[in-house]
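K.L.:
The structure follows.
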Amino acid sequence: MTNWLASINYITGKVGGIRKLILILMAALLGVTILLDVLVVEKIFDPLGYLYIALGTLAVLYGIYPLYTSRRLVGYYWERASQNRLAVAGLAFILFLILLALIGPFFTTDPTATNFEEKNIPPLGFTIEESVYHPETQQSISKTITGSGKHPLGTDNKGRDLLAMIVSGARISLQVGLLATGIAVALGTLIGVTSAYLGGKIDNILMRFTDIMMTFPFFLLLVFIVFIFGPNLAFIVLVIGLTGWTGTARLVRSETLSLRTREFIMAAKALGASDSRIILAHLVPNVISLIIVIATLSIPGVILAEAGLSFIGLGDPSVTSWGMVLRAGQQNLDTAWWVAVAPGVMLFLTVLAFNFMGDGLRDAFDPRSAV
Amino acid sequence: MEKAILSVRNLKTYFFTQRGTIKAVDGIDFDLLPSECLCLVGESGCGKTVTALSILGLIDSPPGRIVAGEVVYHDVNLLKSSREQVRQIRGKEIAMIFQDAQSALNPVLTIGDQIAEQIKLHLKFSRREAKERTVSLLKEVGIPSPAEAADYYPHQLSGGMKQRAMIAMSLSCDPQILIADEPTTAVDVTIKAQILDIFRRLKETRQMSLLFITHELGVVSEIGDRMVVMYAGRLAETATVAELLGNPRHPYTVGLINCLPDMTQGNDRLQSIPGTVPSLIEPTNGCLFHPRCDKALAICRRQKEPSVLVNQGHSVFCHLYSPAETSQPC
Numbered sequence: 000m001t002n003w004l005a006s007i008n009y010i011t012g013k014v015g016g017i018r019k020l021i022l023i024l025m026a027a028l029l030g031v032t033i034l035l036d037v038l039v040v041e042k043i044f045d046p047l048g049y050l051y052i053a054l055g056t057l058a059v060l061y062g063i064y065p066l067y068t069s070r071r072l073v074g075y076y077w078e079r080a081s082q083n084r085l086a087v088a089g090l091a092f093i094l095f096l097i098l099l100a101l102i103g104p105f106f107t108t109d110p111t112a113t114n115f116e117e118k119n120i121p122p123l124g125f126t127i128e129e130s131v132y133h134p135e136t137q138q139s140i141s142k143t144i145t146g147s148g149k150h151p152l153g154t155d156n157k158g159r160d161l162l163a164m165i166v167s168g169a170r171i172s173l174q175v176g177l178l179a180t181g182i183a184v185a186l187g188t189l190i191g192v193t194s195a196y197l198g199g200k201i202d203n204i205l206m207r208f209t210d211i212m213m214t215f216p217f218f219l220l221l222v223f224i225v226f227i228f229g230p231n232l233a234f235i236v237l238v239i240g241l242t243g244w245t246g247t248a249r250l251v252r253s254e255t256l257s258l259r260t261r262e263f264i265m266a267a268k269a270l271g272a273s274d275s276r277i278i279l280a281h282l283v284p285n286v287i288s289l290i291i292v293i294a295t296l297s298i299p300g301v302i303l304a305e306a307g308l309s310f311i312g313l314g315d316p317s318v319t320s321w322g323m324v325l326r327a328g329q330q331n332l333d334t335a336w337w338v339a340v341a342p343g344v345m346l347f348l349t350v351l352a353f354n355f356m357g358d359g360l361r362d363a364f365d366p367r368s369a370v
Numbered sequence: 000m001e002k003a004i005l006s007v008r009n010l011k012t013y014f015f016t017q018r019g020t021i022k023a024v025d026g027i028d029f030d031l032l033p034s035e036c037l038c039l040v041g042e043s044g045c046g047k048t049v050t051a052l053s054i055l056g057l058i059d060s061p062p063g064r065i066v067a068g069e070v071v072y073h074d075v076n077l078l079k080s081s082r083e084q085v086r087q088i089r090g091k092e093i094a095m096i097f098q099d100a101q102s103a104l105n106p107v108l109t110i111g112d113q114i115a116e117q118i119k120l121h122l123k124f125s126r127r128e129a130k131e132r133t134v135s136l137l138k139e140v141g142i143p144s145p146a147e148a149a150d151y152y153p154h155q156l157s158g159g160m161k162q163r164a165m166i167a168m169s170l171s172c173d174p175q176i177l178i179a180d181e182p183t184t185a186v187d188v189t190i191k192a193q194i195l196d197i198f199r200r201l202k203e204t205r206q207m208s209l210l211f212i213t214h215e216l217g218v219v220s221e222i223g224d225r226m227v228v229m230y231a232g233r234l235a236e237t238a239t240v241a242e243l244l245g246n247p248r249h250p251y252t253v254g255l256i257n258c259l260p261d262m263t264q265g266n267d268r269l270q271s272i273p274g275t276v277p278s279l280i281e282p283t284n285g286c287l288f289h290p291r292c293d294k295a296l297a298i299c300r301r302q303k304e305p306s307v308l309v310n311q312g313h314s315v316f317c318h319l320y321s322p323a324e325t326s327q328p329c
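Protein chains in written order, with numbering that gives the first Met the number 0: chain D, 0 to 370; chain E, 0 to 329.
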């Protein structure tokens with residue numbers, strides 16, 4: 000028993016902490032499942048599933064665990080951020096959205112199930128007049144349709160439940176927003192910090208590469224990728240993530256440039272820290288507040304990009320996203336206005352909520368705004 | 000004589016800037032003996048810190064470069080070792096304390112984390128062992144309630160506490176040599192006394208060598224065993240502290256000692272050495288101190304100062320004591 004514990008202790012000591020051990024085990028596990036996925040025909044996870052697990056593990060180990068260990072500091076920032084009412088409202092809406100996306104699908108019907116018997120039902124509390132062609136009398140008769148509790152937000156012209164579609168859309172939007180931003184911010188931070196810290200030739204190469212990436216018309220690239228590889232949500236997420244890091248890289252680099260000449264970096268070197276250790280353990284934690292703000296403020300852009308792509312018909316047809324509902328609703332705006340309004344309102348509120356929260360966080364993290 | 004633990008031989012560190020080459024350290028030699036405290040003394044900008052950073056290979060390149068010399072630690076020339084070898088020695092065998100603990104501690108990490116980092120890195124301790132050691136180190140440098148203090152961020156500590164935390168951090172791996180770069184300059188007098196007390200105790204209990212960089216002769220007389228006086232990147236004089244303070248030879252050392260305010264003697268004006276440290280970009284051929292020296296000879300302008308052994312272990316770098324001295328006044 001003690002032997003077993005000692006060996007665990009030894010291993011954690013070797014790799015530098017229990018968190019790293021978990022991370023390495025997770026990576027190994029993911030590697031094995033990817034291999035199984037490739038070698039064995041049966042699919043275990045889809046590509047997005049891997050991204051989820053990887054980012055989820057990272058978020059718990061390096062996001063939630065540190066927050067838990069420094070509760071006092073979190074309390075301090077909460078106190079400052081909560082003075083901004085809009086930011087708190089934004090946070091509340093985002094939490095609501097996350098809850099909706101996580102548990103909503105268990106309470107709603109299948110968003111893709113069509114039912115032409117129940118098409119164009121208005122939301123609960125609304126009544127519309129619809130003229131229906133009667134095949135026997137060969138006349139158009141006027142019919143009154145009243146919203147019912149069975150479809151609280153009504154249905155579209157194929158009889159799909161709008162509430163289910165909105166819930167599914169929330170899930171897609173958050174997936175795309177969080178995953179793509181996660182990839183972009185992680186890449187941008189690493190490139191920005193490395194570039195600024197190492198300086199010289201490496202800095203030059205990385206920054207010119209960033210400049211070239213910035214000249215790419217990203218939406219065109221997205222259309223191109225969708226055209227070549229087919230409309231797959233994983234591709235869309237990857238393209239947005241792999242092209243969206245440039246702004247982060249530049250901001251993080253300029254912040255790091257002023258940090259690298261600080262004495263504590265020299266002190267860390269004098270005590271034997273390696274370059275990778277200085278970058279990951281000393282520089283990245285110092286820019287984390289900047290990164291959080293950048294991430295929060297860039298999520299809405301990503302969500303809108305995905306919605307735009309779906310709206311012009313280049314989204315993943317196998318998933319119901321807000322952009323897609325918007326597109327369906329826009330074609331029947333005269334007969335069923337609610338189909339377009341619901342996803343529009345959700346998009347509007349989501350983008351607004353993330354922006355408000357981002358502003359609030361920026362103010363909370365900025366020591367100059369302390370009153 | 001005992002074998003030196005660290006020998007610096009003919010060390011030359013130059014900075015290559017657009018305005019010219021700055022010879023920040025221009026050929027200095029000294030030995031650090033086991034468990035002694037060697038003080039490196041000189042006014043601002045004379046190359047004390049650059050010497051310390053050169054020993055650890057921390058000169059930013061570009062613009063700086065160590066152009067010549069050797070730093071021998073346990074028969075290994077650090078300047079010829081690989082980056083990785085030097086990195087293993089930094090912190091573990093030779094540790095350094097910086098002048099301003101406020102800026103030398105990472106503001107976003109707790110001091111416990113920063114100290115434990117070195118322990119985990121160099122001694123391969125587990126998290127729990129590292130934590131225990133951190134607490135005992137904080138206790139050793141006199142921080143009250145060390146277990147709690149380990150969870151503080153630097154901004155929650157006072158200046159003196161931060162300096163103590165910094166010392167604890169440098170001691171974390173039981174270094175053989177501790178380089179302290181003006182550790183008492185940024186703190187007030189009472190804290191200074193306490194910090195010096197810690198150093199004195201460490202010297203007794205830990206048997207380590209201390210390279211103490213300072214510009215205050217008062218501090219030197221408190222804790223120093225031997226001292227090296229530097230001027231403009233070169234050596235001026237080296238001897239034991241008692242010998243050098245009691246029997247200074249070099250005009251610069253004499254000037255430095257005269258600069259000390261004497262509280263017992265009324266309110267005379269504070270004495271100073273006229274002039275300032277010369278620009279190191281284009282130094283003259285001769286002795287660098289001669290423009291400020293009141294005893295300068297004709298030869299001082301033309302020829303570099305020789306090394307003269309005036310006593311056992313007391314060398315002075317000055318033409319005045321040269322046997323071949325041609326005593327023509329300047």
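C-beta atoms are modelled at their ideal positions from N, C-alpha and C, and glycine is treated no differently. Owing to the predicted nature of the structure, the values given are computational and were not obtained by experimental measurement.
Figure out for me which residue from E:R127, E:A115, E:A167 and E:T184 has the closest Cα to the Cα of E:T213.
P.N.:
It is E:T184.
K.L.:
Taking a Cβ distance cut-off of 8 Å, strictly less, list which residues of the region 256-282 of chain D are near chain E, in chain order.
P.N.:
R261, E262, F263, M265, A266, A267, K268, A269, L270, G271, A272, S273, R276, A280 and H281
K.L.:
At which residues does the beta strand (DSSP E) containing E:K22 begin and terminate?
P.N.:
G19 to L31
K.L.:
Taking DSSP as the reference, what is the three-state secondary structure of E:E131?
P.N.:
helix
K.L.:
Going along chain E, which residues have a C-beta under 9 Å from D:P284?
P.N.:
Residues of chain E passing the Cβ test: N105, V107 and L108.
K.L.:
Under three-state DSSP, which class holds E:N284?
P.N.:
coil
K.L.:
Are the CB atoms of D:K149 and D:T113 within a distance shorter than 9 Å?
P.N.:
no
K.L.:
Indicate the three-state DSSP secondary structure (helix, strand or coil) for D:F215 in the structure shown.
P.N.:
coil
K.L.:
Between D:V238 and the rest of its own chain, which residues show a CB-CB distance below 7 Å, the 5 nearest in sequence each way excluded?
P.N.:
L220, L221 and I224
K.L.:
Hey, quick one: how far does the alpha helix (DSSP H) through E:G68 stretch, first residue to last?
P.N.:
Unbroken run through E:G68 is the beta strand (DSSP E), G63 to Y72; no alpha helix (DSSP H).
K.L.:
What do you get for E:Q175, buried or exposed, if any count of 16 or more other CB atoms within 10 angstroms of its CB means buried?
P.N.:
With 16 or more Cβ atoms within 10 Å of its Cβ, E:Q175 is classed as buried.
K.L.:
Do E:L10 and E:D30 have their beta-carbon atoms positioned less than 9 Å apart in this structure?
P.N.:
no
K.L.:
Could you give the residue range of the beta strand (DSSP E) that holds D:T143?
P.N.:
Q138 to T145
K.L.:
I'd like the ranges of any beta strand (DSSP E) spanning at least 3 consecutive residues and lying wholly in the region 63-125 of chain E.
P.N.:
63-72 and 93-96
K.L.:
Grab the span of the beta strand (DSSP E) containing E:Y230 for me, first residue to last.
P.N.:
Start and end: R225 to Y230.
K.L.:
Between the alpha carbons of E:D180 and D:I33, how many angstroms are there, rounded?
P.N.:
53 Å
K.L.:
What residue range does the beta strand (DSSP E) around E:A235 cover?
P.N.:
R233 to T239
K.L.:
According to DSSP, is E:K11 helix, strand or coil?
P.N.:
strand
K.L.:
Can you tell me whether E:L316 is buried or exposed, with buried defined as 16 or more other CB within 10 angstroms of its CB?
P.N.:
According to the sequence as given, residue 316 of chain E is Phe; it is not Leu. By the 10 Å Cβ count, E:F316 comes out buried.
K.L.:
With the cut-off set at 9 Å, would you say E:G274 and E:R291 are in Cβ contact?
P.N.:
Contact flag set, yes.
K.L.:
What's the gap between the Cα of E:G68 and the Cα of D:Y61?
P.N.:
Taking the Cα positions, E:G68 is about 45 Å away from D:Y61.
K.L.:
For E:L296, name the three-state secondary structure that DSSP assigns.
P.N.:
strand
K.L.:
DSSP state of E:E42, grouped into three classes?
P.N.:
In the structure shown, E:E42 falls within a coil segment according to DSSP collapsed to helix, strand and coil.
K.L.:
Restricting to runs no shorter than 4 residues, where is the alpha helix (DSSP H) found entirely within the region 139-208 of chain D?
P.N.:
161-197
K.L.:
By the criterion of Cβ-Cβ separation under 9 Å, what are the contact partners of E:R8 in chain D?
P.N.:
Result: empty, since nearest Cβ-Cβ is about 22 Å, beyond 9 Å.
K.L.:
Mind checking the region 39-73 of chain E against chain D and listing, in chain order, the residues whose C-beta falls within less than 7 Å of any C-beta there?
P.N.:
L55 and L57
K.L.:
Cutting at 6 Å between CB atoms, please list the residues of its own chain near D:A86, excluding the five before and the five after it.
P.N.:
A80, F355, M356 and G359
K.L.:
If contact means a Cβ-Cβ distance below 8 Å, which residues of the region 108-123 of chain E contact chain D?
P.N.:
L108, E116, Q117, K119, L120, H121 and K123
K.L.:
With 9 Å as the limit, tell me which residues of the region 156-177 of chain E have their beta carbon closer than that to any beta carbon of chain D; keep them in chain order.
P.N.:
M165, M168, S169, S171 and C172
K.L.:
For E:T237, collect the residues of the same chain with a Cβ closer than 6 Å to its Cβ; drop the 5 residues on either side in sequence, then sort them by chain order.
P.N.:
V227 and S314
K.L.:
On the three-state DSSP scale, how would you describe D:S6?
P.N.:
helix
K.L.:
Comparing alpha-carbon positions, which option in D:A58, D:S320 and D:I21 lies nearest D:S172?
P.N.:
Residue nearest to D:S172 within the set D:A58, D:S320 and D:I21 is D:S320 (criterion: CA-CA distance).
K.L.:
Would you kindly work out how many angstroms separate the C-alpha atoms of E:E35 and E:G254, rounded to a whole number?
P.N.:
26 Å
K.L.:
Beta-carbon within less than 7 Å of D:T295's beta-carbon, same chain only, minus the 5 sequence neighbours each way: which residues are those?
P.N.:
F353, M356, G357 and L360
K.L.:
Tell me which same chain residues have a C-beta within less than 6 Å of the C-beta of E:R132, skipping the five on either side of it?
P.N.:
I118
K.L.:
Can you pull the chain D residues whose beta carbon is under 9 Å from the beta carbon of E:F97, in chain order?
P.N.:
When 9 Å is used as the limit between beta carbons, E:F97 is near these residues of chain D: E262, F263, M265, A266 and A269, in chain order.
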